[in-house]
Each structure stands twice: as C-alpha cells, then as structure tokens.
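Presented below is the structure to which this report refers.
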Amino acid sequence: MLPALYAALMAWLRGGWVRNEAFSVEREKSGKNDFPGLIPDAESIPLFSVLIAARNEADNLPQLLRDLAAQTLPATCFEVLIADDHSTDATAALVTAAAQENAFALCLIKLPAAQTGKKAALLTALHAARAPWLVCTDADCRLGPGWLAAYATMLHRQPQANFISGPVLLTGPDNWFMTLMGLEFAGLVGVGAACLARRQPTMCNGANLAYRRAAFEAVGGFADNAHLASGDDEFLLHKIHAAFPGTAHFLTDAAAIARTAAPSSLRALLRQRVRWASKWRHYQSAASRNLALLVLGANVALAAGALALLWRPGLWPWVAAAWLLKLGGDAWLLGPVLRFLGRRKWLWGLLPLQLLYAPYALAVGAAGWRGGYEWKGRAVR
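Plus 24 on top of the position in the sequence shown (first one is 1) and you've got the working numbering.
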C-alpha cells in the first residue's frame with residue numbers, strides 16, 4: 025500500500041511540475057528578459073540585495089564574484105552584501121579588495137563577536153541591505169549571467185509574490201557516486217517545486233531563493249527558530265506561506281539555476297544530510313511531515329518486501345509490483361525535472377539508488393533526530 029500511495033503522490037507532484045513548466049513557457053514566449061519598469065535609475069536604491077553568508081570561503085568567492093559581475097541585469101539594479109562569519113582565511117581581505125574593482129555595489133559585513141552561524145550572518149547583512157527584495161545564495165555556488173534577470177522577470181509576471189524558490193544543480197565528476205547524489209538532489213528540487221505549484225510548500229534550498237523584505241519582517245524573520253543552526257530557508261518558506269497563502273513560487277527558468285559542488289566523499293555527504301535532517305523534528309508544516317513519513321515508509325517497505333522473499337517466496341508478485349510502482353513513480357516525476365536540469369542521463373541511477381536508499385535514509389533520519397553535527401569547523405547541537 026505504501027508504494028502505491030507513493031506512486032500516486034508522484035503523479036500528483038508531476039502535475040505540479042508541469043504547471044511550473046507551463047508558466048515558464050508562457051514567460052519565454054513573451055520575452056525571457058522582459059522586465060520593463062523594474063530597472064531603477066542610477067540614483068535609486070537597488071532592486072535586489074544579494075545576501076551571502078561566508079566562513080572561510082576565500083577559495084570560492086572569486087568565482088562567485090565573477091559570476092555576479094557578469095549579470096545581464098544592470099549593476100545599478102542590485103547590491104551584494106557578504107557577511108563574514110569570523111573567517112580565519114583571507115575572505116575579508118578578498119571581499120574588501122573586490123569592492124574597489126566591481127561595477128556593482130559590494131559590501132563586507134563583519135559579524136559581532138557574540139554572533140555566529142548562517143542565520144546570524146544573513147540577518148546582519150539584511151539589516152544593512154537597501155533593497156525591497158533579498159536574494160540568497162551560497163559562497164560556493166556558480167551562477168549564470170541571467171540569474172538575477174530571471175528573478176526580475178518572475179517578479180514582473182508575479183507582482184504579488186513574497187517568496188521565490190530557485191533551482192539548484194549538483195555538479196562534480198562524471199561517476200556513479202556523483203550520479204546517485206545528483207539524482208537524489210534533483211528529486212528534492214523537483215518535489216519542492218511541484219509542492220509550491222500545488223500550494224503545499226515543503227522544501228526549498230537556501231543556495232537559491234528570494235523573499236520580500238516586508239514579508240520577512242511580517243512573519244518575524246528567523247526569530248522563532250534562531251536557536252536552530254539549520255532551516256534558514258524552509259522554516260521561512262512555511263511561515264510566509266501561512267501568512268500569505270499563494271504568494272510562494274518556484275522559478276522554473278534554466279537561467280536561474282545555481283550550481284553547487286557535490287560533497288566530495290560519502291562522509292561529507294552524510295554530514296550534510298544529517299545537518300538537513302536535524303530540522304525535521306521542528307517542522308510545523310503538516311505537508312512536510314507527511315511527505316517525509318510517506319517517503320521513508322515507501323522505501324522501507326521495498327526493503328522489507330525484498331527481505332520477506334527469503335521466507336515467503338510466493339510473495340514475489342506483490343513485491344515486484346511494489347518495486348515497479350515505486351520506481352515508476354520516481355521516473356515519472358524525475359523525467360521532466362532532469363530534462364530541465366540538463367541531466368536526463370542520471371535516470372539510470374534509479375535502481376542502484378533505490379537499493380541503497382532505505383538504510384541511508386534510516387541512518388540519516390536517526391542521526392538528524394538525535395541532533396549534533398559538525399559544520400564549517402564548528403560542533404553544532
């Protein structure tokens with residue numbers, strides 16, 4: 025029953041993804057970079073404030089700053105604020121030097137000694153920002169030249185929007201480990217986008233999102249979850265949706281894809297996923313909790329069915345049907361998602377990923393529930 029329910033959910037989510045694609049097609053027909061009236065003159069405040077939390081990112085920031093300098097949106101339309109979370113490398117010096125060279129406004133924000141962590145960094149940068157829209161990305165991301173223009177176009181088409189979730193793509197070497205990581209991550213992107221289209225938001229990614237400053241302030245920002253190191257993205261999404269239903273959207277535009285390097289090892293992957301999982305028990309959104317339980321239940325059911333064949337071989341038609349339903353549902357949703365991301369070839373990884381997923385999900389979920397992990401050289405509880 026669980027794989028059958030899961031397959032039905034995937035079909036429902038596929039419909040949501042198709043809605044996003046349909047809106048994107050309409051946007052492209054009317055002009056991909058059509059955002060008249062959104063470009064302020066040189067005397068106006070920026071349209072966007074790009075917020076970046078950075079801790080020991082001297083190796084990554086030069087590439088990101090080059091990407092921001094190459095934006096097709098005029099430099100008068102955005103500013104970039106980089107909040108230095110007590111870096112011990114050359115992060116601060118690098119940003120200070122770059123601020124003298126770039127056409128766009130670039131500002132280094134240093135966190136006070138008593139404040140640490142991504143939420144504190146983003147909030148400190150936000151207080152110094154001047155724009156009505158705040159766009160967040162990570163210091164280790166790579167952005168295409170049309171990244172901010174895609175957000176501007178979306179706002180022209182959806183002027184009532186309060187929250188926009190952007191697409192994120194994992195990048196790395198072309199091997200089986202990268203394929204499995206990328207496939208799982210693409211599934212998260214697809215599910216999050218489809219849920220937004222269905223007005224049942226569940227997940228987004230802080231590496232690529234934007235929100236209206238007025239909406240952030242109206243819901244109290246990070247105040248009620250400031251004690252949690254993770255969740256600067258999804259908790260905010262849930263609160264804005266609750267306060268302003270129907271104003272959160274997904275940006276289905278290939279120009280808006282933020283690319284981020286995949287974890288370099290299994291250990292790094294597990295650390296990252298445990299960090300993400302640590303916020304699950306704090307979810308107030310019923311949609312998020314129910315989705316997590318159904319996904320976990322369906323995957324465990326497949327593993328349990330395969331083990332049951334050792335004692336009851338006659339169950340094989342039911343076990344086979346369950347596996348076909350689960351894998352078919354995954355492929356049905358992931359097909360268009362991977363096409364959008366330009367990674368259709370990753371579909372071959374569905375079966376090996378499924379074989380590994382049940383123990384992986386149980387281990388990550390248990391570790392996340394227990395809490396405690398290491399991030400950016402800090403132990404977090």
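In this text, a Cβ means the ideal position worked out from N, Cα and C, and glycines have one as well.
(1) Per DSSP, what kind of secondary structure is Val104 in: helix, strand or coil?
(2) Less than 9 Å between the C-beta atoms of Leu172 and Leu88, yes or no?
(3) Return the first residue and the last residue of the alpha helix (DSSP H) that Thr120 is part of.
(4) Should Trp41 be labelled buried (16 or more other beta-carbon atoms within 10 Å of its own) or exposed?
(5) If you drop the 5 nearest sequence neighbours on each side, which residues of the same chain put their C-beta closer than 7 Å to that of Ala82?
(6) Taking DSSP's pairing of strands, which residues face Ser189 in a bridge?
(7) Would you call the region 156–170 in contact with the region 220–236, where contact means no fewer than 3 C-beta pairs closer than 8 Å?
(8) Could you tell me whether the Cβ atoms of Leu374 and Leu351 are closer together than 9 Å?
(9) Give the list of continuous alpha helix (DSSP H) stretches no shorter than 4 residues that lie fully inside the region 142–215.
(10) Considering only DSSP beta bridges, list what Arg283 is partnered with.
(11) If you draw a straight line from the C-alpha of Ala210 to the C-alpha of Val361, how long is it?
(12) Nearest-angstrom Cα distance between Cys101 and Arg299?
(13) Under 9 Å, do Ala94 and Ala129 count as touching if we go by C-beta distance?
(14) For Arg38, does the count of other Cβ atoms within 10 angstroms reach 16, so buried, or fall short, so exposed?
(15) Quick one: residues in its chain with C-beta nearer than 8 Å to the C-beta of Val215, no 5 flanking neighbours on either side, listed in chain order?
(16) If we count Cβ pairs, one from each stretch, closer than 8 Å, do we get three or more for the region 310–329 versus the region 378–389?
(17) Check whether the Cβ of Tyr235 sits closer than 8 Å to any heavy atom of the ligand SAM, and report yes or no.
(18) Using a Cβ-Cβ cut-off of 7 Å (strictly less than) and excluding sequence neighbours within five positions of Ala145, which residues of its own chain qualify?
(19) Shortest alpha-carbon distance to Pro70 belongs to which of Phe240, Trp347 and Ala155?
(20) Please check the pair Thr276 and Ala217, which I expect to be a contact at CB under 8 Å, by giving their CB distance rounded to whole angstroms.
(21) Are Val286 and Met205 close, meaning C-beta to C-beta below 9 Å?
(22) Are there 16 or more other CB atoms within 10 angstroms of the CB of Ser73, so buried, or fewer, so exposed?
(23) What residue does the beta strand (DSSP E) around Phe72 start on, and which one ends it?
(24) List the DSSP bridge partners of Ile133.
(25) From what residue to what residue does the alpha helix (DSSP H) around Trp347 run?
(26) Report the CB separation of Leu193 from Arg283 in whole angstroms; it is logged as a contact under 8 Å.
(27) Return yes when the Cβ of Pro191 is within less than 9 Å of the Cβ of Ile281, no when it is not.
(28) Quick one: grab the DSSP three-state call for Gly245.
(29) Return no unless some Cβ of chain B is closer than 9 Å to the Cβ of Ser312.
This is what the structure holds:
(1) Against the sequence shown, residue 104 aligns to sequence position 80. Val104 carries a strand assignment under DSSP once its states are collapsed to helix, strand and coil.
(2) One-based indexing of the sequence shown puts residue 172 at position 148. One-based indexing of the sequence shown puts residue 88 at position 64. Cβ atoms of Leu172 and Leu88: not closer than 9 Å.
(3) For the purposes of this step, residue 120 is taken as residue 96 along the sequence shown, with counting starting at 1. Its alpha helix (DSSP H) spans residues Thr115 to Ala123.
(4) As a position in the sequence shown, residue 41 is number 17, starting the count at 1. It counts as buried.
(5) Counting from 1 along the sequence shown, the entry for residue 82 is found at position 58. Counting only Cβ-Cβ distances below 7 Å, and skipping sequence neighbours, we find Asp113, Ala114, Thr115 and Leu118.
(6) Along the sequence shown, one-based indexing puts residue 189 at 165. Per DSSP, Leu233 and Phe274.
(7) yes
(8) Locating residue 374 in the sequence shown gives position 350, counting from the first residue. Locating residue 351 in the sequence shown gives position 327, counting from the first residue. Yes, they are a contact pair.
(9) 142–152 and 171–181
(10) Within the sequence shown, numbered from 1, the residue matching residue 283 stands at position 259. Note: Arg283 sits in a beta bridge opposite Arg166 and Leu193.
(11) Counting from 1 along the sequence shown, the entry for residue 210 is found at position 186. Counting from 1 along the sequence shown, the entry for residue 361 is found at position 337. Those two C-alpha atoms are separated by around 7 Å.
(12) Looking up residue 101 in the sequence shown gives position 77. Looking up residue 299 in the sequence shown gives position 275. Answer to the nearest angstrom: the Cα atoms are 34 Å apart.
(13) Here residue 94 refers to the residue found at position 70 of the sequence shown. Here residue 129 refers to the residue found at position 105 of the sequence shown. No, the Cβ-Cβ distance between Ala94 and Ala129 is not below 9 Å.
(14) The count along the sequence shown starts at 1 and reaches residue 38 at position 14. Classification for Arg38: buried.
(15) Taking the sequence shown and counting its residues from 1, one reaches residue 215 at position 191. Cβ neighbours of Val215 beyond the five flanking positions: Leu37, Thr226, Met227, Leu315 and Leu357.
(16) yes
(17) Because no ligand of any kind appears in the structure shown, any question about the ligand SAM cannot be addressed here.
(18) Indexing the sequence shown from 1 puts residue 145 at position 121. Cβ within range, chain order: Ala77, Ala107, Asp109 and Leu135.
(19) Taking the sequence shown and counting its residues from 1, one reaches residue 70 at position 46. Of Phe240, Trp347 and Ala155, the residue nearest in Cα terms is Ala155.
(20) Counting from one through the sequence shown, the residue named residue 276 turns up at place 252. Counting from one through the sequence shown, the residue named residue 217 turns up at place 193. With a Cβ gap of about 7 Å, Thr276 and Ala217 count as contacting.
(21) Indexing the sequence shown from 1 puts residue 286 at position 262. Indexing the sequence shown from 1 puts residue 205 at position 181. Residue identity differs from the one stated: residue 286 is Ala in this sequence, not Val. Contact: yes.
(22) Counting from 1 along the sequence shown, the entry for residue 73 is found at position 49. Looking at its Cβ environment, which holds 16 or more other Cβ atoms inside 10 Å, Ser73 is buried.
(23) For the purposes of this step, residue 72 is taken as the residue at position 48 of the sequence shown. From DSSP, the beta strand (DSSP E) with Phe72 extends over Phe72 to Ala78.
(24) Residue numbering aside, residue 133 sits at position 109 when the sequence shown is read from its first letter. Its beta-bridge partners are Ala107.
(25) As a working note, residue 347 is residue 323 in the sequence shown. Trp340 to Leu365 is the span of the alpha helix (DSSP H), which, as asked, contains Trp347.
(26) Locating residue 193 in the sequence shown gives position 169, counting from the first residue. Locating residue 283 in the sequence shown gives position 259, counting from the first residue. About 5 Å separates the two Cβ atoms, so the contact holds.
(27) Along the sequence shown, one-based indexing puts residue 281 at 257. Along the sequence shown, one-based indexing puts residue 191 at 167. Yes. Within cutoff.
(28) For this step, residue 245 is matched to residue 221 along the sequence shown. Note: Gly245 maps to coil in three-state DSSP.
(29) Going by chain labels, chain B is absent from the structure shown, which holds only one protein chain.
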